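So the structure is just underneath, and the comments pick up after that.
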Amino acid sequence: MSATPEEIAVKRQRWMTVARQVATPLISVLLAMITGSLIVLVTGGDPVAAFAALWDGAFGTPYQIGETVMRATPLIFTGLAIAYGFRAGLFNIGAEGQLFMGGLAVAWLGIALAPLPWFLTVPLMLIGGALAGAAWAFIPALLKAKVGAHEVITTMMFSWIARYFVSYMLDGPMKAPGPDGQPGTIPVSQMLPPQSTLVKFNQVFKFIPTNNAHLGFLIAVVLAVVVWLVLRYTTIGYEARAVGFNPFASETGGISVARTTVISLCISGALAGLAGVTEVMGVHHRMSDQFSAGFGFTGIAVALLAKNNPLAVIPAAILFGALSAGAGLMQLNANVPDKLVDIIQALVIFFVAAETVVTWFVKRRMKEVTKHV
Amino acid sequence: MSSFLNILTTVVQPDLFASAVRIATPLALAAIGGTICERSGVVNIALEGLMLISAFCGTAVALAAPGLFHVGPITATWIGVCAAVVAGVIASSLHAFASITLRADQVVSGTAINILALGLTGYMIQVLYHRTGTTDAAQILPPLFAFKVHPTGGLGVVWDWFSGVFLGHSPLVYAAVIIAIVAQWALYRTRWGLRLRALGEHPRAADTVGISVIRGRYMAVLMSGALAGLAGANLTLEQVGSFSENMTSGRGFIALAANIFGRWTPVGSYLASLLFGFAESLEIRLQAFSNIIKVPPQFFLMLPYILTVVVLAGFMGRAIGPAAIGKPYEKD
Amino acid sequence: MAVLELRDITKVFPGVIANKGVSLSLNSGEIVALLGENGAGKSTLMNVVYGLLTSDGGEILVDDKPVKIRSPRQAIDLGIGMVHQHFMLVEPLTVTENIVLGREPAHLGVIDFTQARKTVVELSERYGLKVDPDTQIIDLPVGMQQRVEILKALYQGARILILDEPTAVLTPQEVVELFSVVRSLVAQGLAVVLITHKLDEVLDVADRVVVMRDGAVVGEVCPKDTDEVSLARMMVGRDVVLRIDKTESHPDGVALSVRELVVKDDRKLEAVKGVDFDVRRGEILGIAGVSGNGQNEIVEAIVGLRRPEAGSIELLGHDITHDSPRKTIAAGVSHVPEDRHRRGLILDFDLAENLILGDHHEMPYSKNGIMRPASIAEVADTRIRDFDVRAPSRNVLAENLSGGNQQKLVLAREIGRNPELLIAVQPTRGLDVGAIEFVHRRILAERDSGKAVLLVSLELEEVLSLADRILVIYEGKMVAEFEGGTVDAETLGVYMTGGSKHREPATSELGATS
């Protein structure tokens, strides 16, 4: 069957859209790096040395690559969380709080489930941590659905509440016994037994010389595919997208906006919770209140860069993981404060936001053309 | 029972209310800025980041001014206050440009500013002061009134209360009250106020009678930046003296809730901020009794945030903001 | 001397020429009707005159002097005023505040409200447009709001007044009043341009008629030299069937039964105060009424978007009074909403995704929560073909379709579901004649195949031509019932404003209702 001229035109339009969708985030990142370089320059540093060190720190040796993968792992989860939220029309800025609760939950579960073998503890802990994240998003979700309370404010407040709650738990009921929990040290929970942790890659595949990358990365990648499938091929995903685009037409079409809002924000919370879960189970093997380097907020940049596409979250997260891995070396070798990475993150968000405007302009012109078919 | 009375008499002192006013001030200034901005139709999630950047610039300039301009510490601090306001205006112009001209999503743009502020201030602490976390302390502004007289006896107690609650504050605290009243009057009685309200409800209607939507909204955003600047200045230069990373601790978001609670009016925002200030003031004083009340300190610290959620839960349904808020204006 | 003259105005949008070398002149003391169907370019032309758009060619002359109008401010300064189809009124503000907005009497920036109020009262008395200066716009009925808009233009000093589709939201009586106001304004020296697509109004009030089609002027006539049929032919370019021939209806049993329905509106006031009616299978029941008299609330109660306070709604004997929209759809009710952009379609979804909205969770579109793309594609293609939705493929986004095709898409979905009851609210709003004809034919086809149809429309012509039975709603109650073909627009208008056969129609001096 040969394609009609119109179908060919539509196909070509779609390829161009895809090309544009990939090119523009890359341009945003480039612009963010350039602006970052200017800041370095203006404050007396050497941008070239800084970015060289950044690259080395991220990809220089297999060890560093492992670092990058390890740091990208929680970002895939938070990126997915925020991307899913955005698709449903919700801004889950409180992902940080949800991942804290996820980490706390598995820190407790890992000890409580200790007698069980790993093929039971690991799945149970993953589920438990995800549920903790979902539960932490539940009240803000309910408030948004019932009363219209803006989820940006409520999830942000819950984020602060979570951090204080974790601090209380680590100082009290979940304080590590013995010399770890002495005053003057960072409050930590008890060390998890081996069957409650996620193996590192080099423990399973002895020939891979990475040091820190762990199984959580694979779980994250699989989950990204699952989220993509859910959005595209399930009724939950359809309804989430429908409400995200137009809650009024969705309501008229029989979709319960309140129910979809709650489900969507809780799914988002669950994904964020898993970021905390994998950090505790894969990296630290215990909970502390310093365990997150702002993964919840970096997730925003990841989601926006990925244009809320779950599959694109993976490369976007690796990019920010690379920035994070290289920052230490950048501070050491080029004497540029590692906070530059946070600045670049914010700039990426800005440039991505600006770029959507360009797309909007293009869309409007396209609309004028096809409207008179 | 006696311990309860004991706690009551210890806590209910003039300082409880004075402290409430002090804590409320940065919230109120930021909230009023939020009111003005949102009344014009632009959401300003960035109050947190704007306060942070302004606080840093204010402190940095106040610390540098004696060396640069050869002035005394108090004058240096005042220069710092001006610098904070300018910083707030400049930073908010970024949000204005992104939201109004580029028509980007306003919540995303605001969040970008918050993250940028956090990163930039942390970065600059290292660059300027070669350490992380906290800067040196600048001279904080002294109270505006200082009375040598002190009556004794019964009158003395009344005087203690009156002067404690109302007279012991630094200048910006009074400025906040004045700004709230003036802004309220201006919103309903002046040309600027009428046009601002039209912009937030039905920008196209304003456009068709010749009012510039772009200019009106830019001005509103910049004003909110200036007020956030004052809020930041109050935080460092009137309360603490030094700047530490992330010292705003969510105040910008609480200010947003105060604006909603206050129904998008300046006086309402101030009173709502007073409520939050009182809650925090109470919480601080109760912490001293945490062994008697048997509640861990972290739970006291959570109170302001819990209160914010409760306020939003209880009042959001009945509070509807300006109709055109958050939607970029298209000339079509 | 022509007070306004347009020479060769051209306005181009990407992909379409909205105005092709249009020339027009207007004298003071004259009413010129700008006639054309939706999309002919009339509103674009007037937006150019009012400064909301800039022309790509041609010139504008005011009082024989060439001018450049780049913003509404400049248009206002030249004495040009415009009353838009969708009012430019700020709802929470008062009548006075709205009228003086932009030119407030003030000292040093502080508004002088006494002076403002005085001026408003003076103006309203001088031109015979009575309004209460202190009410909020949100409390005013539509006809009154339009007066405020006109007063606003007069306050700004308009000598040329452009009215864009002013009668779309008015009852026949209000139209009569509006035209008498317009005539008196014109007698005082103003010049008026009336943009409309309604032939009878044009013949009624205009001194001259300029007909536009596809962006160009195709003719200029005086009303006394022409009639509706020739005007319609000029407007559309071919002979137009002004009324569809329909066969007799053969109603066959009750489909929808509504009893003692009481519904509150968003402001917690009773909008529907106890209505009873039936819709039978094989008939079209039309509800005529001025916007805001409860018809929307009735529809929302039936489809489940609003909870009734009291009363019952039954479909084929099943109680659907408190059913959610999902349950109501499953019970067999389809709804073509008034606003296709907001309630009818998800513009960012493609055609296929829009076509399954409402039963997307059921077979054949999905099973156990998993969607079935092949079945969806098949059904989508069928519907697009059957309902003549013109688009390159089913994967095009709904927002890229023209208004007419979007409405066809909504119909394809709602009728394609084979409902027992079809509810259509303002189904032809904003559509061109060809699309209107299509929609009307499909609605009649549904009725002819034995379905029940509930038609709610503000266009009396539409109700009169389609409905087998007509109910008139006024202030939340049904006040009259007529068999199709036994009543005319004027009589309907009387009942729509609370009058009856034996009384004069209630004046629309009413202002805010309780």
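Protein chains in written order, with our numbering: chain A, 152 to 524; chain B, 98 to 429; chain C, -17 to 496. Using N, Cα and C, we set each Cβ at its ideal position, and we do this for glycine too. Note that the structure is predicted; figures quoted are calculated from it, not measured.
Residue-chain proximity (residue i, chain C), Cβ-Cβ < 8 Å
i	result
Gly404(A)	yes
Ile414(A)	no
Thr521(A)	At Thr521(A) the pLDDT is 45, less than 50, meaning the model places this residue with poor confidence and gives no usable figure here.
Asp304(B)	yes
Gly265(B)	no
Glu380(B)	no
Ser366(B)	no
Beta-ladder partner(s) of residue i, from DSSP
i	result
Arg322(C)	Note: Arg322(C) sits in no beta bridge, so no partner.
Met194(C)	Val199(C)
Thr218(B)	DSSP lists no partner for Thr218(B).
Glu41(C)	Arg(-11)(C)
Residue nearest to residue i in terms of C-alpha spacing, selected from the options
i	options	result
Arg288(C)	Ile302(C), Leu298(C) and Leu17(C)	Ile302(C)
Leu238(C)	Ile452(C), Ile405(C), Asp59(C) and Lys228(C)	Ile405(C)
Asn397(A)	Ala292(C), Ser439(C) and Ile328(C)	Ile328(C)
Val158(B)	His299(B), Gly253(B), Asn211(B) and Ala235(B)	Ala235(B)
Gly386(C)	Val4(C), Glu19(C), Lys2(C) and Glu(-13)(C)	Glu19(C)
Ala239(A)	Thr194(A), Val394(A) and Val434(A)	Val394(A)
Asn275(C)	His179(C), Ala292(C), Val461(C) and Met353(C)	Val461(C)
Arg423(C)	Leu440(C), Arg376(C), Pro401(C) and Asp370(C)	Asp370(C)
Ala400(A)	Val184(C), Arg308(C), Val168(C) and Arg165(C)	Arg308(C)
Gly367(A)	Ile465(A), Gly187(A), Arg163(A) and Leu382(A)	Ile465(A)
Leu122(C)	Asp94(C), Val72(C) and Val163(C)	Val72(C)
Tyr426(B)	Gly138(B), Ile133(B), Thr107(B) and Thr132(B)	Gly138(B)
Short Cβ contact (8 Å threshold) for residue i with residue j
i	j	result
Gly271(C)	Gln277(C)	yes
Ala283(A)	Gly253(A)	yes
Val378(C)	Ile142(C)	no
Val407(C)	Glu320(C)	yes
Val175(C)	Met28(C)	yes
Ile500(A)	Ala452(A)	yes
Thr231(B)	Phe340(B)	yes
Gly33(C)	Ala140(C)	no
Thr305(B)	Met478(C)	no
Ile210(B)	Ala143(B)	yes
Gly329(B)	Ser151(B)	yes
Leu380(A)	Leu277(A)	no
Leu140(A)	Leu409(B)	Absent from the structure is residue 140(A), since the part of chain A shown begins at 152 and ends at 524.
Integer-rounded CB distance, given that residue j should sit under 8 Å from residue i
i	j	result
Val102(C)	Thr287(B)	Their Cβ separation, rounded to whole angstroms, is 19 Å, which puts Val102(C) and Thr287(B) out of contact at 8 Å.
Ile337(A)	Ser439(A)	5 Å
Val245(C)	Asp260(C)	Going by Cβ atoms, the distance from Val245(C) to Asp260(C) rounds to 18 Å, so no, they are not a contact pair.
Ala354(B)	Ile304(A)	6 Å
Cutoff 8 Å: residue i Cβ touching any chain B Cβ
i	result
Val303(A)	yes
Leu71(C)	yes
Val298(A)	yes
Val524(A)	Confidence is the limiting factor: at Val524(A) the pLDDT is only 34, short of 50, which leaves the residue's position unreliable and the question unanswerable from this model.
Ser384(C)	no
Arg129(C)	no
Leu308(A)	Per the sequence presented here, residue 308(A) reads as Met, with Leu not at that position. Output row for Met308(A): interface = yes.
CB contact check: residue i to chain A, cutoff 8 Å
i	result
Arg308(C)	yes
Arg325(C)	yes
Phe396(B)	yes
Ile212(B)	yes
Ser100(B)	no
Ala121(B)	no
Proximal residues of chain D, C-beta to C-beta of residue i below 9 Å
i	result
Met353(C)	Absent from the structure is chain D; the protein chains it does hold are A, B and C.
Residue i Cβ short of 7 Å to the ligand NAP heavy atom set
i	result
Tyr389(A)	The model depicted lacks the ligand NAP and carries no ligand whatsoever.
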